[in-house]
Amino acid sequence: MKVLKFGGSSLKNAEAIKQMSQIVSSSESQCCVVVSAIGDTTDELQAIAEQAQKDDESYKESLATLQAFHEKLYQDLTGKEASAELVAAFDHLRRVCGGVFLLKELTHKSLDFILGSGEIASSIIVSAFLESQQLKVKRFDTRQYIVTNGHFGDASVDFASTTNQLNRVSKEFSAINVFPGFVAATATGEMTTLGRGGSDYTAAIIASALDSGMLEIWTDVDGIMTADPRRVKRSHTLDQVSY
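Residue numbers (our numbering): 34 to 276.
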């Protein structure tokens, strides 16, 4: 079993997703594919949530634009209209944003749902494209298998329950198994997130729980840098790193 995680910049457009497909399809073993939200979707969702909280009706236009982008990407990749699952995901997101707008209150719980919707949409698109390539694919909702406490925004994982859940569902695995990163849920089913950058964590949790032989974190950056180059101008690529 191999676990492969792809970040948002590695899924930013149709060409990037096609390259991801080549990497996944070349795997010689059964694999789990963990995906982040596409491109800058999480930042856009953050902005939409803040617009709604501030009683700014432009959030509706921003959300419609984001949905149109995802639906066009789905169509470009599969040659089909957006699936009912993708449309439903955005309908649910729209209702939550509408609640934030009406109450002018953005709770950590609401924000978790809004931000996590990007990974849900991404997993739907990626799995649909892989299926269109005649690959044996199944999509799983990480919220049903990674169990956390109710600390919304940066939840802690219940590893015993999570390991049990993942091992149970692994009996249903196909050759390629797609999971949204970043999102999880409490024991009572309330959606949580693992914090920004949580998709890497999701992949590590799955790899550990399933005792995978390999975990690969795929990115469009060549190597590991000393710091985020967008924040630290003098950052540079490391020649080598230890575990």
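Glycine included, every Cβ here is placed at the ideal spot set by N, Cα and C. As the structure is a computational prediction, the values presented were derived from the model and not from experiment.
Where residue i falls: helix, strand or coil (DSSP)
{"i": "F162", "result": "helix"}
{"i": "V265", "result": "coil"}
{"i": "W225", "result": "A quick correction: the sequence has Thr, not Trp, at residue 225. Strand."}
{"i": "F102", "result": "helix"}
Candidates the options: closest to residue i by CA position
{"i": "I71", "options": "K87, Q100, Q55 and Q84", "result": "Q100"}
{"i": "L37", "options": "I81, S156 and M247", "result": "M247"}
{"i": "H141", "options": "S275, K35 and E223", "result": "E223"}
{"i": "T235", "options": "I50, V66 and I158", "result": "V66"}
{"i": "S275", "options": "P262, H269 and I257", "result": "I257"}
{"i": "L110", "options": "K45, L271, F146 and S268", "result": "K45"}
{"i": "T196", "options": "T181, G186 and F185", "result": "T181"}
{"i": "E27", "options": "S69, C130 and E114", "result": "No statement about residue 27 is possible, as the shown extent of the chain runs from 34 to 276 and does not include it."}
{"i": "S58", "options": "G231, A49 and Q167", "result": "Q167"}
With 16 other Cβ atoms within 10 Å as the buried cut-off, status of residue i
{"i": "P213", "result": "buried"}
{"i": "L136", "result": "exposed"}
{"i": "F192", "result": "exposed"}
{"i": "T226", "result": "buried"}
{"i": "G112", "result": "exposed"}
{"i": "H125", "result": "exposed"}
CB of residue i within 8 Å of CB of residue j, strictly
{"i": "L149", "j": "T74", "result": "A quick correction: the sequence has Gly, not Leu, at residue 149. No, these two residues do not count as a Cβ contact at 8 Å."}
{"i": "S43", "j": "T175", "result": "no"}
{"i": "S194", "j": "L243", "result": "no"}
{"i": "S143", "j": "V133", "result": "yes"}
{"i": "V211", "j": "S156", "result": "yes"}
{"i": "A208", "j": "Q63", "result": "yes"}
{"i": "L139", "j": "A82", "result": "yes"}
{"i": "A240", "j": "A217", "result": "no"}
{"i": "D288", "j": "G186", "result": "The shown model of the chain, from 34 to 276, leaves out residue 288, and the question about it has no answer."}
C-beta neighbour in chain B for residue i, strict 8 Å
{"i": "S268", "result": "Here chain B cannot be found, since the structure has a single protein chain."}
Item to check | beta strand (DSSP E) runs contained entirely in the region 232-276, provided each spans 3 or more residues | outcome: Segments of the beta strand (DSSP E) lying fully in the region 232-276: 247-251.
Item to check | Entirely enclosed alpha helix (DSSP H) segments - the region 138-200, minimum 4 residues | outcome: Segments of the alpha helix (DSSP H) lying fully in the region 138-200: 141-165.
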